[in-house]
Every structure is written in C-alpha cells, then in structure tokens.
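Chains as they are written, first to last, in the working numbering: chain A, 1 to 166; chain B, 1001 to 1166.
A short write-up of the structure that comes next.
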DNA sequence: TATTGTTATACTCTATAACTATA
DNA sequence: TATAGTTATAGAGTATAACAATA
C-alpha cells in the first residue's frame, strides 16, 4: 500500500485536475503502457517480417523450441512458451505440413510424442530467425548494444517467474 | 543485411544444430520475445487489477486522455493511443454510461465532439490509477526505481515514432 | 487421479468497409 | 476530397470444457 490515496483532498491548494498527485502525465509514467505500445509495435513488425515466409512469431517460437531441444513434447513446449495445449495443435500441424519436424512415440510413455526437427526444419528455423533478426535490428535501431542487453535483462526480470499456465 | 547468412555451411566444423551462429539460445536472445512475454504478463495483471472496478486497461487509457486533456476529440484520442476510431465507440459509451465524461458539440466544426471529464470522471480516474499503480508495483517489484525509469525510457525509444494509424 | 494430445467452441481484441454529416 | 463519428462484421488470438488413451 502507498501513503498517498486518491481520497487525499483538501490538504493541498492545487487543482484536483492534473496535479502531481493526480493524473498529470499519468499514462506516460506507467511502464505498463510503454510495455504494451512497444510490444505491439515490435509484434506488428515481426508479423510483417515473417509473412512472406509463411510464418508467424508464435510459429517461429515453437519451431525454435523443437530445434533447440529436440525430443521435447508439445505439452512441455506449451509450458515453456506460456500457451495453452489446445492452441499448439494447429501450429504443429502447420509446421508438420511443411516437413519441419517429425513426431516420435515415446516407448516408455505412450501418451506423449517427442518432436524432432528435420534437416529442413533446422534450416528453415535459421532462415526465419534471420528475418526476425533483421526486423529486430529495425525495432531497436535507436538503442545501443548495451541498451539492448539491458532492456532484455529488465524485461526478463518482469516475467521470468510467471507461474500462470495451463 | 548481416555478414552471416543461414546458408553458410561447411565453413566451420561445428554442428549445424544448436551452434553459436545458428539457433542456440536464439529465442532467449530476442528482445522481441521478452517484450511480448513481459507485456502479456503485465497486461494480465492490469486486467485483474481493474476487473473489480469494472474497467480495463484500454478504458483507463481513454479516460486518462480525457481527464489529462479536456476538450479532446475521440479521433484525436485514437491517434494518440494507436487504436481505430471504430473501436473507441463502445469504450466511450461505457465511460459515458458511468457518467465519467460529457460530450460537447464544437461550435466551429459540427463534425466533432469535444470530450470533458465530469468531477466523478476525474475522481474515478484517480481511483483506477491507484489500482494500476499498485499492480505495477507488483510487476516491477524486482526493479529499482532507476531501472524502472531506464526501462520506460528504452521502451519509449522503440515505439515513440510509430506512424501506423487509422 | 493426473497428464497428453485433441476437438469444438466461446470470447475478446482488432481490422476493414461502408455510411451520414460536415468541412 | 477529406475528416468525424458510427455501425456492422470479419478475422485472429486466446480461453474453457470435454474427450479418449495412458500413466
């Protein structure tokens, strides 16, 4: 709790409207507002960057999970990316139709499918990644390398222990 | 363009899979990924924080625009917030039904309505803002005040010249 | 009982097109 | 011709519930 509440009034002579304890510059001072605007801006660019390649940001994220950690299950990837199991099905079908990974039944647990990238899957991941890196260079063009690293560090501190999941 | 392309192969002895020039840690190194995860995490909290008050983050943003700059038009607010004119209609109706602002026809241009906050609108903005500030304190609990200011500065540099609009 | 993969579906958010009135 | 406010609607993204198979 804070020591200033919105019911504080009459203790200062300033106008209730737009004073320092009120709403003046309020939106601009909210980190969450800038977080949202920057994320939307970046995401729009990422969508555009991957469009011609027939991919979306979430598609790339899933493919990268498979390529970086061959043998993971879809439920595991969902927990990692913070998406619902129901929503990865179509994404995997799309990647599968492009021949970018293969499903393999686990011999010791017949409920799960382990996902392994194909050679083409690895190559495609690198191509999509290059598109995203070019896009990200544009998004972050005003930031130095040090600022980019610091931004990444600060953002990670915000969400890293997100416990909300399926 | 970069000097490394995804078709570079055979020039190094390392594995094509998960090497430093490839996809190793690729997702984690993308600022856009952390931007998205942090934004979603924060937004979920913001929605929850405003839920009991019957507001949403976008509702608060619109109300703050009206309270901070009385007399603005809805089209102006849309440009400011990066939303479509069509989508502010319901938001304004919601705020209007709560008696938080009034519409006033402009005498010199009969196409536009100037929006003015009511006394209750100002007070409600302060109350909703307090809810969001409490939420934001939780979101940013691991960041120092200096880090929060730096994060806000870096985020603003990303989207501040977003020219995409209606 | 719990988990995996899946289907169907609802809900929210955002985008597009069209319209009237006015400039 | 351009802008403001509005309506209707389409689409994408995400969430919930339920199911069969397996642990």
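Backbone N, C-alpha and C define an ideal beta-carbon position, used for all residues, glycine too.
A Cβ of chain B is located within less than 7 Å of the beta carbon of residue 125 of chain A. The continuous stretches of alpha helix (DSSP H) do not include residue 117 of chain A, which lies in the beta strand (DSSP E) extending over residues 113-117.
With respect to chain B, the C-beta atom of residue 116 of chain A has no partner C-beta closer than 7 Å. When secondary structure is reduced to three states using DSSP, residue 56 of chain A falls in the coil class, being assigned neither helix nor strand.
In this structure residue 1103 of chain B is exposed. Its beta-carbon is surrounded by fewer than 16 other beta-carbon atoms within 10 angstroms. When Cβ-Cβ separations below 7 Å define contact, residue 154 of chain A makes contact with chain B. Contact of residue 39 of chain A with chain B is assigned, a C-beta pair being separated by under 7 Å. The beta carbon of residue 1068 of chain B falls within 7 Å of a beta carbon belonging to chain A, placing the residue at that interface.
In this structure, residue 59 of chain A places its C-beta atom within 7 Å of the C-beta atom of residue 91 of chain A. Take the alpha-carbon of residue 1030 of chain B and the one of residue 133 of chain A: they are about 8 Å apart.
Inter-residue distance for residue 1094 of chain B and residue 1140 of chain B is about 30 Å (C-alpha atoms, whole angstroms). Distance from residue 166 of chain A to residue 84 of chain A at the Cβ level is roughly 6 Å; contact confirmed, criterion being Cβ atoms closer than 8 Å. Taking C-beta atoms as the reference points, residue 1100 of chain B and residue 1073 of chain B fail to come closer than 7 Å. Proximity of chain B to residue 56 of chain A at the Cβ level (cut-off 8 Å) is not reached, the minimal Cβ distance being about 12 Å.
Using a CB distance below 9 Å, no part of the region 1085-1116 of chain B faces chain A.
Residue 1035 of chain B and residue 151 of chain A have their C-alpha atoms some 9 Å from each other. Neighbours of residue 1148 of chain B in chain A, taken as residues at a C-beta separation under 8 Å, are given in chain order as 31. Apart from sequence neighbours up to five positions away, no residue of its chain approaches residue 51 of chain A with a beta-carbon distance below 6 Å. Spatial neighbours of residue 66 of chain A in its own chain (CB-CB distance under 6 Å, excluding positions within 5 residues in sequence) are listed in chain order as 101, 115, 117.
Contacts between residue 162 of chain A and chain B, judged by CB atoms closer than 8 Å, involve 1037, 1041 in chain order. Contact of residue 1131 of chain B with chain A is not assigned, every C-beta pair being separated by 7 Å or more. A residue is called buried once 16 or more other Cβ atoms fall within 10 Å of its Cβ, and residue 1039 of chain B is buried on that count.
Comparing alpha-carbon positions, the option among A:53, A:107, A:70, A:69 lying closest to residue 98 of chain A turns out to be A:53. At a cut-off of 7 Å between beta-carbon atoms, residue 136 of chain A makes contact with chain B. For residue 1047 of chain B, not one C-beta of chain A is nearer than 7 Å to its own C-beta. Bounds of the alpha helix (DSSP H) holding residue 39 of chain A are 31-51.
According to DSSP, residue pairing for residue 1104 of chain B in a beta bridge involves B:1114. Residues of chain A whose Cβ lies closer than 7 Å to the Cβ of residue 1074 of chain B do not exist; the shortest such Cβ separation is about 16 Å. Between residue 1026 of chain B and chain A, the shortest Cβ-Cβ separation is below 7 Å.
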